[in-house]
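Number of protein chains: 2
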Amino acid sequence: MTPMATQKEIARRAGVSVSVVSAVLNGTTHTRMSDETRARIEAAIAEVGYVPNDAARALRRQQAGTIAVVVEKLENPAYKELFHGIYEAAEARGWAVVLGDTVWMRSGSHFLARLLGRGSIDAILLRHDGLIDEEALAHLRARPTPVVLLERQSDPQDPWVAVDDSAAARLATEHLIEFGHTDIAFVGGTAGQPSTARYEGYVAAMNDARLSPREHLFTGFGAESGVRGLTELRSGDVLPTAVVVANVMSAVGLLAAAADAGIDVPRRLSVVGIHDVEIADVVRPSLTTVRLPMRALGVRAVEELSALLSGAPMEPGVIADPPPQVIARSSTAPAPAELTSRSDEL
Amino acid sequence: MTPMATQKEIARRAGVSVSVVSAVLNGTTHTRMSDETRARIEAAIAEVGYVPNDAARALRRQQAGTIAVVVEKLENPAYKELFHGIYEAAEARGWAVVLGDTVWMRSGSHFLARLLGRGSIDAILLRHDGLIDEEALAHLRARPTPVVLLERQSDPQDPWVAVDDSAAARLATEHLIEFGHTDIAFVGGTAGQPSTARYEGYVAAMNDARLSPREHLFTGFGAESGVRGLTELRSGDVLPTAVVVANVMSAVGLLAAAADAGIDVPRRLSVVGIHDVEIADVVRPSLTTVRLPMRALGVRAVEELSALLSGAPMEPGVIADPPPQVIARSSTAPAPAELTSRSDEL
DNA sequence: CTGAAAGCGCTTACAG
DNA sequence: CTGAAAGCGCTTACAG
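Next comes the structure, spelled out in structure tokens:
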């Protein structure tokens, strides 16, 4: 096995020109050749253990066959299904997928350079919750590399696809309302998509039920955010009987904080998290969540990218099918009777 | 801004040859030139918004400046720090990092092709727990692309670095022994690294304390594995008073199963998980863990890769500094007195 | 049915 | 101080 064999070497061994070697490798041109020639070439290919040079191929074809997926907080378990969907759809189209975290995209990083440069990445799928710096975003927009955003954009200068965050929060809220809750809070996220869309869904559900929505408590992401969320709720006049948490890890953090504070979930406080992930099923009490079609989001995103690359951009939009779905577990229950009637007490 | 400007276009605008353009871009050759020329070229570069073509560069330089990191179960929270360490060390050496999951590496995938091919990936960091198929591994080994394994190898034909899994499990076990436990089980993982190393550490600690180790319960990974682990433990004659779990998510799953079964953690059963991740602090009872230097592992792995690429391979080995460390939380407590003396009861 | 040649965009000896 | 040229490994019209 010759480590670095090229088509030239194969051509030499098989006594043909590189054109023919390339032809048997790609099957695009020179399709007609004698079986004997083809066999000789295939033997030589196997003999040297040929692997193509992707850089040369990318340069010549003017496309790398690779797309990048960049998300904020790679460790977010909600991305598991998203990645799977993206991977499957990309493979089906002949693309390799590479992943990265938005924190790697800081100005001047080699990672960013690879995204901005041409030749090694054909397109980018980007999901962020507002923590990415504007400079990096501006860099991206200034490049010809297509970028599809995995979140709703009010100003659709960038193509985007998104799950229905608003509907998800609406469902979560309605689930609580059906349980008789009237004082429901909304906690978590930052000012920006997708948190804002979720808050809007919550407000809509509250308004529909003629209930007063509370202010959006921007506590950020992660378990710590849930802990802070409960602290803020307890520092108010009245502790609500239920809370919608913008993010599943925050919801788990809020659950822990409630346990530590001796607040009984779900009897005194019901909790719903957005995004159904494994951990929701594993904490105690188990967490009621809203399942969002993250896998379908990944598939749609790749389709959008594909359309974009072929010059036929699709309508940006929200994934309607499958719709978000409440997964009821043990963290939600009917509102405590004594509180819904009088609405006081800590 | 001309979307696809090349050095040729810049040279034309500045009235120089591409050699000089390349020189100001890279600063390697043609270092002496008139300030006026340099200024004119820099102006042209800014004017067209030049970005290099990475494929052309990679082809010419015969290196891509990108390393791939492939792990099993991307969603494992223990990787968060590992990725961070790898990223920092790689950036410092001028490499971009791309991530992928081992399940993407199945034969014939475009992702695998990109790893196997030359030109776009200079080297690979690979971590797996035995779930990767041998065929993919054989493919990798047959290529000249350097691979560093992020786990201990008994047969060091591949370079490797690893955290001290054995010491971690030993510490976990000793922590329980200090609490007076004598009947301690070991649950989780598969037959293979790093689970085996952890089991060995457990056995060593038990032997040192003249206690009888139990059999390794191979239940796999993830929360489900912990649930199965508890089921198996309960189906035995005697439920141990403590358990070391090979994997932190499995430990959380075991905690949930214990709660559901009405087994009091930590008063009836103490639980320790390997790997300190955020979730350990957020479940209730919070989970005692052993913290492993995953960030240092990432840094060392990149150093090893760097040495390998420069033809001076380092000694493979275990990261001794910082050493593993027990993070005591609420899932471990002194052994129940009535059980350590009589050792029966369910 | 097969080969010679151009060219993707870059870097780097080499010549002047 | 600057330019012309070769060549990295591939694909693809084009010619025969």
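Chains as they are written, first to last, in UniProt numbering: chain A, 1 to 346; chain B, 1 to 346. We put the CB at the ideal spot given by N, CA and C, even for glycine. The structure presented is a predicted model; accordingly, all values stated were derived computationally and were not measured.
**Report entry** Alpha-carbon to alpha-carbon, A:D158 and B:P194
**Finding:** Against the second sequence, residue 194 of chain B aligns to sequence position 194. Against the first sequence, residue 158 of chain A aligns to sequence position 158. So the alpha carbons of these two residues sit roughly 44 Å apart.
Query - Ranges of the alpha helix (DSSP H) found wholly within the region 164-209 of chain A, counting only runs of at least 4 - result: 165-178, 195-208
Query raised in the report: Going by the C-beta, is A:V21 closer than 7 Å to any heavy atom of the ligand COA?
Result: This structure simply doesn't include the ligand COA, nor any ligand for that matter.
**Report entry** Residue from B:S286, B:S310, B:A296 whose Cα sits closest to the Cα of B:I327
**Finding:** Position 327 of the second sequence, counted from the first residue, corresponds to residue 327 of chain B. Minimum Cα distance to B:I327 is reached at B:S286.
Report task. Output, in chain order, the set of chain A residues within a Cβ distance shorter than 8 Å of B:N53. Result -> Within the second sequence, the letter at position 53 stands for residue 53 of chain B. By Cβ distance, chain A contributes L59, G117, R118, G119.
Query raised in the report: DSSP on A:H216, reduced to helix/strand/coil?
Result: In the first sequence, the residue the question calls residue 216 of chain A occupies position 216. A:H216: strand per DSSP, three-state reduction.
Query - C-alpha distance - A:E75 paired with A:H84, whole-angstrom precision - result: As a working mapping, residue 75 of chain A is identified with position 75 in the first sequence. As a working mapping, residue 84 of chain A is identified with position 84 in the first sequence. The straight-line gap from Cα to Cα measures roughly 14 Å.
Query raised in the report: Looking at the C-beta of A:P293, does it have a partner C-beta in chain B at a distance below 8 Å?
Result: The residue you call residue 293 of chain A lines up with position 293 of the first sequence. No, its Cβ sits nowhere closer than 8 Å to a Cβ of chain B.
Query raised in the report: Looking at the structure shown, is A:N26 part of a helix, part of a strand, or coil, going by DSSP?
Result: Reading the first sequence from its first residue, position 26 is the one you call residue 26 of chain A. A:N26: helix per DSSP, three-state reduction.
Report task. Could you tell me the distance, in whole angstroms, from the CA atom of A:E134 to the CA atom of A:A251? Result -> Residue 134 of chain A sits at position 134 when you count from the first residue of the first sequence. Residue 251 of chain A sits at position 251 when you count from the first residue of the first sequence. The straight-line gap from Cα to Cα measures roughly 29 Å.
Report task. Answer yes or no: does any C-beta atom of chain A fall closer than 8 Å to that of B:P240? Result -> Position 240 of the second sequence holds residue 240 of chain B. No, no contact with chain A.
Report task. With DSSP as the reference, label A:D54 as helix, strand or coil. Result -> On the first sequence, position 54 is the one that residue 54 of chain A refers to. Looking at A:D54 - three-state DSSP - the assignment turns out to be helix.
Query raised in the report: Fully enclosed by the region 243-276 of chain A, which alpha helix (DSSP H) runs are 4 residues long or longer?
Result: 248-260
Query raised in the report: So the beta strand (DSSP E) B:V290 belongs to, where does it begin and stop?
Result: Reading the second sequence from its first residue, position 290 is the one you call residue 290 of chain B. Taken as a continuous stretch (DSSP letters only), the beta strand (DSSP E) holding B:V290 covers 288-291.
Requested in this report: Determine, using beta carbons only, whether B:G189 and A:P52 come nearer to each other than 8 Å.
Outcome: Here the question's residue 189 of chain B lines up with position 189 in the second sequence. Here the question's residue 52 of chain A lines up with position 52 in the first sequence. No, the Cβ-Cβ distance between B:G189 and A:P52 is not below 8 Å.
Requested in this report: Count the C-beta pairs between the region 60-79 of chain B and the region 88-101 of chain B that are closer than 8 Å, then say yes if the count reaches three, no if not.
Outcome: yes
Requested in this report: Would you please verify whether the beta carbon of B:I279 is less than 8 Å from any beta carbon of chain A?
Outcome: The sequence position of residue 279 of chain B within the second sequence is 279, counting from 1. Answer yes: the Cβ-Cβ gap between B:I279 and chain A drops below 8 Å somewhere.
Query raised in the report: Whole-angstrom Cβ separation of B:V20 and B:M33, contact assumed at under 8 Å?
Result: As a first step, residue 20 of chain B must be located in the second sequence, where it is residue number 20. As a first step, residue 33 of chain B must be located in the second sequence, where it is residue number 33. About 6 Å; that satisfies the 8 Å criterion.
Query raised in the report: In or out: A:A197 buried (at least 16 other Cβ within 10 Å) or exposed?
Result: Indexing the first sequence from 1 puts residue 197 of chain A at position 197. So A:A197 counts as buried.
Query raised in the report: Taking Cβ positions only, does A:L171 come closer than 8 Å to chain B?
Result: Numbered from 1 along the first sequence, position 171 holds the residue referred to as residue 171 of chain A. False, the Cβ-Cβ gap to chain B never drops below 8 Å.
Report task. Find the nearest neighbour of B:H275 within the set B:D165, B:P213, B:S331, judged by alpha-carbon distance. Result -> Counting from one through the second sequence, the residue named residue 275 of chain B turns up at place 275. For B:H275, the nearest C-alpha among the options comes from B:D165.
Query raised in the report: Is A:R295 helix, strand or coil by DSSP?
Result: Locating residue 295 of chain A in the first sequence gives position 295, where the first residue counts as 1. Of the three classes helix, strand and coil, the one that applies to A:R295 here is helix, per DSSP.
**Report entry** Buried or exposed (CB count within 10 angstroms, at least 16 for buried), A:T231
**Finding:** Counting from one through the first sequence, the residue named residue 231 of chain A turns up at place 231. With fewer than 16 Cβ atoms within 10 Å of its Cβ, A:T231 is classed as exposed.
Query raised in the report: Would you say A:Y87 faces chain B, with C-beta separation under 8 Å as the test?
Result: Position 87 of the first sequence, counting from 1, holds the residue named residue 87 of chain A. Closer than 8 Å to some Cβ of chain B, the Cβ of A:Y87 qualifies, so yes.
**Report entry** Contact between the region 259-268 of chain B and the region 36-43 of chain B (3+ Cβ pairs under 8 Å)
**Finding:** no
Query raised in the report: In terms of residue numbering, what span does the alpha helix (DSSP H) encompassing B:T231 cover?
Result: Start at 1 with the first residue of the second sequence, and residue 231 of chain B comes out as number 231. Its alpha helix (DSSP H) spans residues 223-235.
Requested in this report: Could you give the DSSP three-state label for B:D281: helix, strand or coil?
Outcome: By one-based count along the second sequence, residue 281 of chain B stands at place 281. The answer is helix: DSSP assigns B:D281 an H, G or I state.
Report task. Have a look at A:A320 and B:Q62 and give me their C-alpha separation to the nearest angstrom. Result -> Within the first sequence, numbered from 1, the residue matching residue 320 of chain A stands at position 320. Within the second sequence, numbered from 1, the residue matching residue 62 of chain B stands at position 62. Taking the straight line joining both Cα atoms gives about 47 Å.
Query raised in the report: Does A:S270 come within less than 8 Å of chain B when only Cβ atoms are used?
Result: Counted from its first residue, the first sequence places residue 270 of chain A at position 270. Cβ-Cβ to chain B under 8 Å: no for A:S270.
**Report entry** A:M294 and A:A58 closer than 8 Å at C-beta
**Finding:** In the first sequence, counting from the first residue as 1, residue 294 of chain A sits at position 294. In the first sequence, counting from the first residue as 1, residue 58 of chain A sits at position 58. The answer is no: Cβ separation not under 8 Å.
Query raised in the report: Between the region 140-151 of chain B and chain A, which residues of the former have CB atoms less than 7 Å from a CB of the latter, in chain order?
Result: A142, R143, P144
Query - Pick from A:A223, A:L149, A:N207 that is closest to A:V187, judged by C-alpha positions - result: Numbered from 1 along the first sequence, position 187 holds the residue referred to as residue 187 of chain A. It is A:A223.
Query raised in the report: In this structure, what does DSSP give as the bridge partners for B:R118?
Result: As a working mapping, residue 118 of chain B is identified with position 118 in the second sequence. Paired residues: A:N53.
Query raised in the report: Taking a cut of 9 Å between CB atoms, which residues from the region 176-209 of chain B lie near chain A?
Result: none
Query raised in the report: Going by DSSP, which residues form a beta bridge with residue 391 of chain A?
Result: Because chain A here runs from 1 to 346, residue 391 of chain A falls outside it and cannot be looked at.
Query raised in the report: Taking all protein chains shown into account, do 16 or more other C-beta atoms lie within 10 angstroms of the C-beta of A:V161, making it buried, or fewer, making it exposed?
Result: Residue 161 of chain A sits at position 161 when you count from the first residue of the first sequence. By the neighbour-count rule (16 or more Cβ atoms within 10 Å), A:V161 is buried.
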